[in-house]
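Residue numbers (my numbering): 27 to 205.
Glycine included, every Cβ here is placed at the ideal spot set by N, Cα and C.
Just so we're clear, the structure is a prediction, and the values are computed from it rather than from any experiment.
Structure first, commentary second.
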(Lines of atoms letter the chains of each structure in order from A and count residues from 1; the text may use other names and numbers.)
(Lines give C-alpha, C1' and ligand atoms only; values in the text may rest on other atoms or scores of the structure.)
Protein backbone atom coordinates (compact mmCIF):
# COMPACT_ATOMS: atom_id res chain seq x y z
CA UNK A 1 0.00 0.00 0.00
CA UNK A 2 3.01 2.27 0.37
CA UNK A 3 3.68 1.94 -3.35
CA UNK A 4 0.08 2.48 -4.45
CA UNK A 5 -1.75 4.47 -1.75
CA UNK A 6 -4.87 4.80 -3.89
CA UNK A 7 -5.31 0.99 -3.62
CA UNK A 8 -6.03 1.34 0.12
CA UNK A 9 -9.79 1.70 -0.45
CA UNK A 10 -9.81 -1.48 -2.57
CA UNK A 11 -7.52 -3.72 -0.52
CA UNK A 12 -8.49 -6.47 1.90
CA UNK A 13 -5.75 -8.21 3.84
CA UNK A 14 -6.63 -11.76 4.84
CA UNK A 15 -4.39 -13.61 7.27
CA UNK A 16 -4.43 -16.06 10.16
CA UNK A 17 -2.70 -16.74 13.45
CA UNK A 18 -1.60 -20.30 12.68
CA UNK A 19 1.87 -19.62 11.33
CA UNK A 20 2.57 -16.20 12.77
CA UNK A 21 1.99 -17.32 16.36
CA UNK A 22 2.66 -21.08 16.17
CA UNK A 23 -1.05 -21.76 16.65
CA UNK A 24 -1.40 -24.42 13.97
CA UNK A 25 -4.79 -26.08 14.08
CA UNK A 26 -6.56 -23.22 15.88
CA UNK A 27 -8.07 -22.10 12.55
CA UNK A 28 -8.46 -18.44 13.35
CA UNK A 29 -8.31 -16.00 10.50
CA UNK A 30 -8.88 -12.30 10.19
CA UNK A 31 -9.43 -9.70 7.54
CA UNK A 32 -8.57 -6.00 7.49
CA UNK A 33 -9.96 -3.56 5.00
CA UNK A 34 -12.18 -0.60 4.31
CA UNK A 35 -15.51 -0.63 6.13
CA UNK A 36 -17.35 -0.40 2.80
CA UNK A 37 -16.06 -3.89 1.94
CA UNK A 38 -15.79 -5.39 5.41
CA UNK A 39 -19.54 -5.06 6.00
CA UNK A 40 -20.17 -7.43 3.10
CA UNK A 41 -17.53 -9.82 4.40
CA UNK A 42 -19.20 -9.79 7.82
CA UNK A 43 -22.59 -10.56 6.24
CA UNK A 44 -21.07 -13.44 4.28
CA UNK A 45 -19.32 -14.89 7.34
CA UNK A 46 -22.59 -14.75 9.26
CA UNK A 47 -24.04 -17.32 6.86
CA UNK A 48 -21.25 -19.84 7.21
CA UNK A 49 -22.03 -23.03 9.11
CA UNK A 50 -18.87 -23.25 11.21
CA UNK A 51 -17.34 -20.86 13.68
CA UNK A 52 -14.22 -20.80 15.80
CA UNK A 53 -14.69 -21.59 19.48
CA UNK A 54 -14.40 -18.73 21.94
CA UNK A 55 -11.24 -20.14 23.58
CA UNK A 56 -9.42 -20.06 20.23
CA UNK A 57 -10.73 -16.55 19.57
CA UNK A 58 -9.53 -15.21 22.93
CA UNK A 59 -6.15 -16.94 22.56
CA UNK A 60 -5.78 -15.28 19.17
CA UNK A 61 -6.63 -11.86 20.61
CA UNK A 62 -3.95 -12.41 23.24
CA UNK A 63 -1.42 -13.40 20.60
CA UNK A 64 -2.22 -10.40 18.42
CA UNK A 65 -1.95 -7.99 21.36
CA UNK A 66 0.89 -9.45 23.43
CA UNK A 67 3.09 -11.82 21.45
CA UNK A 68 5.35 -9.55 19.38
CA UNK A 69 8.42 -10.25 21.55
CA UNK A 70 7.79 -14.00 21.37
CA UNK A 71 7.35 -13.82 17.60
CA UNK A 72 10.68 -12.03 17.24
CA UNK A 73 12.34 -14.67 19.42
CA UNK A 74 10.83 -17.49 17.30
CA UNK A 75 11.85 -15.71 14.11
CA UNK A 76 15.45 -15.53 15.32
CA UNK A 77 15.47 -19.22 16.25
CA UNK A 78 14.05 -20.25 12.87
CA UNK A 79 16.49 -18.02 11.03
CA UNK A 80 19.36 -19.72 12.87
CA UNK A 81 17.97 -23.19 12.02
CA UNK A 82 17.47 -22.18 8.39
CA UNK A 83 21.07 -21.01 8.15
CA UNK A 84 22.23 -24.28 9.75
CA UNK A 85 20.29 -26.59 7.42
CA UNK A 86 21.28 -24.58 4.34
CA UNK A 87 24.94 -24.82 5.31
CA UNK A 88 24.64 -28.59 5.90
CA UNK A 89 22.81 -29.10 2.60
CA UNK A 90 25.63 -27.47 0.64
CA UNK A 91 27.74 -30.53 1.47
CA UNK A 92 25.16 -33.14 0.43
CA UNK A 93 25.58 -34.92 -2.92
CA UNK A 94 22.98 -35.17 -5.72
CA UNK A 95 20.69 -32.37 -4.55
CA UNK A 96 20.16 -28.79 -5.61
CA UNK A 97 18.11 -26.16 -3.82
CA UNK A 98 17.30 -22.51 -3.51
CA UNK A 99 17.77 -20.92 -0.12
CA UNK A 100 14.36 -20.49 1.52
CA UNK A 101 13.08 -17.10 2.62
CA UNK A 102 9.74 -18.03 4.14
CA UNK A 103 7.99 -20.70 6.22
CA UNK A 104 10.28 -23.34 7.75
CA UNK A 105 10.90 -25.70 4.87
CA UNK A 106 13.61 -26.22 2.30
CA UNK A 107 12.53 -27.50 -1.10
CA UNK A 108 15.14 -29.31 -3.13
CA UNK A 109 15.51 -31.28 -6.32
CA UNK A 110 16.33 -34.98 -6.09
CA UNK A 111 16.33 -35.56 -9.87
CA UNK A 112 19.96 -36.78 -9.74
CA UNK A 113 18.99 -39.44 -7.17
CA UNK A 114 16.31 -41.01 -9.35
CA UNK A 115 17.42 -44.24 -10.98
CA UNK A 116 20.01 -44.98 -8.32
CA UNK A 117 19.47 -47.81 -5.84
CA UNK A 118 19.82 -48.36 -2.13
CA UNK A 119 20.32 -51.95 -0.94
CA UNK A 120 18.88 -53.21 -4.22
CA UNK A 121 15.81 -50.95 -4.19
CA UNK A 122 15.68 -48.57 -7.14
CA UNK A 123 14.71 -45.01 -6.31
CA UNK A 124 12.18 -44.44 -9.09
CA UNK A 125 10.58 -41.22 -7.84
CA UNK A 126 10.41 -38.78 -4.96
CA UNK A 127 7.82 -40.91 -3.15
CA UNK A 128 10.07 -43.97 -3.21
CA UNK A 129 13.02 -41.88 -2.00
CA UNK A 130 11.04 -40.58 0.96
CA UNK A 131 9.73 -44.05 1.83
CA UNK A 132 13.13 -45.79 1.65
CA UNK A 133 14.86 -42.97 3.56
CA UNK A 134 12.25 -43.08 6.32
CA UNK A 135 12.39 -46.85 6.64
CA UNK A 136 16.19 -47.08 6.54
CA UNK A 137 17.48 -43.95 8.26
CA UNK A 138 14.36 -42.68 10.08
CA UNK A 139 14.51 -39.32 8.32
CA UNK A 140 11.17 -37.92 7.15
CA UNK A 141 10.92 -35.87 3.98
CA UNK A 142 7.73 -34.91 2.16
CA UNK A 143 7.54 -35.90 -1.51
CA UNK A 144 7.16 -32.95 -3.85
CA UNK A 145 4.72 -34.93 -5.96
CA UNK A 146 2.19 -34.36 -3.16
CA UNK A 147 2.35 -30.72 -4.28
CA UNK A 148 2.58 -31.40 -8.03
CA UNK A 149 6.37 -30.91 -7.88
CA UNK A 150 7.63 -34.35 -8.94
CA UNK A 151 11.36 -34.92 -8.47
CA UNK A 152 11.51 -32.58 -5.49
CA UNK A 153 11.17 -33.03 -1.76
CA UNK A 154 10.53 -30.80 1.22
CA UNK A 155 12.26 -30.92 4.57
CA UNK A 156 11.27 -28.99 7.66
CA UNK A 157 13.72 -27.18 9.88
CA UNK A 158 11.26 -26.79 12.75
CA UNK A 159 13.20 -29.28 14.88
CA UNK A 160 16.05 -28.51 17.26
CA UNK A 161 19.51 -27.76 15.89
CA UNK A 162 20.72 -31.09 17.27
CA UNK A 163 17.95 -32.98 15.45
CA UNK A 164 18.64 -31.06 12.23
CA UNK A 165 22.34 -31.98 12.40
CA UNK A 166 21.53 -35.65 13.05
CA UNK A 167 18.87 -35.84 10.34
CA UNK A 168 21.09 -34.23 7.73
CA UNK A 169 23.96 -36.54 8.71
CA UNK A 170 21.72 -39.58 8.15
CA UNK A 171 20.39 -38.16 4.88
CA UNK A 172 23.93 -37.56 3.60
CA UNK A 173 24.97 -41.10 4.62
CA UNK A 174 21.96 -42.49 2.75
CA UNK A 175 22.84 -40.60 -0.43
CA UNK A 176 26.49 -41.62 -0.19
CA UNK A 177 25.40 -45.29 0.02
CA UNK A 178 23.44 -45.10 -3.25
CA UNK A 179 24.71 -47.08 -6.21
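Between residue i and residue j, which are expected to be in contact by the criterion C-beta below 8 Å, what is the C-beta distance as a whole number of angstroms?
i, j, result
"residue 120", "residue 29", "Rounded, the Cβ-Cβ distance is 41 Å, inconsistent with contact."
"residue 179", "residue 151", "About 10 Å; that fails the 8 Å criterion."
"residue 67", "residue 39", "Actually they are not in contact, since the Cβ atoms of residue 67 and residue 39 sit about 12 Å apart, beyond 8 Å."
Apart from the five residues just before and just after residue i, which ones in its own chain have a Cβ nearer than 8 Å to its Cβ?
i, result
"residue 183", "104, 107, 108, 110, 111, 130, 131, 132, 190"
"residue 44", "50, 51, 52, 53, 54"
"residue 204", "120, 139, 142, 143, 144, 149"
Candidates the options: which alpha carbon is nearest residue i's?
i, options, result
"residue 168", "69, 99, 134, 61", "134"
"residue 160", "102, 86, 74, 199", "199"
"residue 61", "84, 43, 37, 42", "37"
"residue 128", "71, 102, 139", "102"
"residue 176", "71, 156, 74", "156"
"residue 95", "122, 47, 197, 170", "47"
Could you check the C-alpha separation between residue i and residue j for me, to the nearest Å?
i, j, result
"residue 89", "residue 34", "26 Å"
"residue 42", "residue 56", "6 Å"
"residue 83", "residue 77", "10 Å"
"residue 141", "residue 91", "52 Å"
"residue 186", "residue 115", "16 Å"
"residue 181", "residue 166", "8 Å"
"residue 173", "residue 158", "19 Å"
Suppose the cutoff is 7 Å on Cβ atoms and the five residues either side in sequence are ignored; what does the same chain contact list for residue i look like?
i, result
"residue 126", "108, 132"
"residue 195", "none"
"residue 32", "none"
What are the boundary residues of the alpha helix (DSSP H) that residue i is part of?
i, result
"residue 108", "94 to 115"
"residue 55", "Unbroken run through residue 55 is the beta strand (DSSP E), 55 to 58; no alpha helix (DSSP H)."
"residue 162", "152 to 163"
If I measure Cβ to Cβ from residue i and keep anything under 6 Å in the same chain, skipping five residues before and after, which residues do I get?
i, result
"residue 86", "43, 54"
Tell me which residue opens and which closes the beta strand (DSSP E) that residue i is part of.
i, result
"residue 39", "39 to 42"
"residue 196", "No beta strand (DSSP E) holds residue 196; the alpha helix (DSSP H) holding it covers 187 to 202."
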